[in-house]
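Numbering (UniProt numbering), first residue to last: 1 to 109. Where a beta carbon is used, it is the ideal one built from N, C-alpha and C, also for glycine. The structure displayed is predicted, hence computed values, not measured ones. Some notes on the structure that comes next.
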Amino acid sequence: MAGNREAFERFVEIFYTQKRVREAFGFLVADKYKQHNPTIPDGPEAAIRMLTPKFDGSPDSRFEVQRILVDGDLAMVHVRASGPGRPDAAVADIYRFEAGRIVEHWDVL
Numbered sequence: 001m002a003g004n005r006e007a008f009e010r011f012v013e014i015f016y017t018q019k020r021v022r023e024a025f026g027f028l029v030a031d032k033y034k035q036h037n038p039t040i041p042d043g044p045e046a047a048i049r050m051l052t053p054k055f056d057g058s059p060d061s062r063f064e065v066q067r068i069l070v071d072g073d074l075a076m077v078h079v080r081a082s083g084p085g086r087p088d089a090a091v092a093d094i095y096r097f098e099a100g101r102i103v104e105h106w107d108v109l
């Protein structure tokens, strides 16, 4: 779906590159957001609380987008995460869309 790709690319820009967590979630994440990472509760507000310190609150952290894949209602972003005092890491975040909004997330860290 072209709409999902365009919206997801914008979400990735806001979230990973600009590191504006609340704005990214407000733009594209549904209220019924299901988080499959066991360290983060379901719902957009819980994710915003947990992720903001890693993104907005960490100016030296970088998330370099390597690739974006979109196939129907699924989207994936592969990033290289880096920051002072820790080794670089490859991260893959997988999202599911429903009615044009992100409703689920899985990650591979």
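With DSSP as the reference, identify every bridge partner of residue i, one or two as the case may be.
i	result
Ile-21	According to the sequence as given, residue 21 is Val; it is not Ile. Its beta-bridge partners do not exist; DSSP assigns none.
Would residue i and residue j be called neighbours here (beta carbons separated by less than 9 Å)?
i	j	result
Glu-104	His-36	yes
Gly-54	Asp-42	It is Lys, not Gly, that sits at residue 54 in the sequence shown. No, these two residues do not count as a Cβ contact at 9 Å.
Phe-15	Ala-24	yes
Val-21	Arg-101	no
For residue i, count the other beta carbons within 10 Å of its own beta carbon; 16 or more makes it buried, fewer makes it exposed. Which is it?
i	result
Lys-19	buried
Ala-46	exposed
Asp-31	exposed
Asp-93	buried
Please go through the same chain and pick out, in chain order, the residues whose beta-carbon is closer than 6 Å to the beta-carbon of residue i, but skip the five residues on each side of it.
i	result
Ile-82	The displayed chain sequence assigns Ser, not Ile, to residue 82. Correct list, in chain order: Arg-62 and Asp-88.
Grab me the residues of residue i's own chain with a C-beta within less than 8 Å of its C-beta, minus the 5 sequence neighbours each way, in chain order.
i	result
Asp-73	Met-1, Asn-4, Arg-96, Phe-97 and Glu-98
Please return the same chain residues whose Cβ sits closer than 7 Å to the Cβ of residue i, not counting the five positions on each side in sequence.
i	result
Val-12	Val-65, Ile-68 and Val-77
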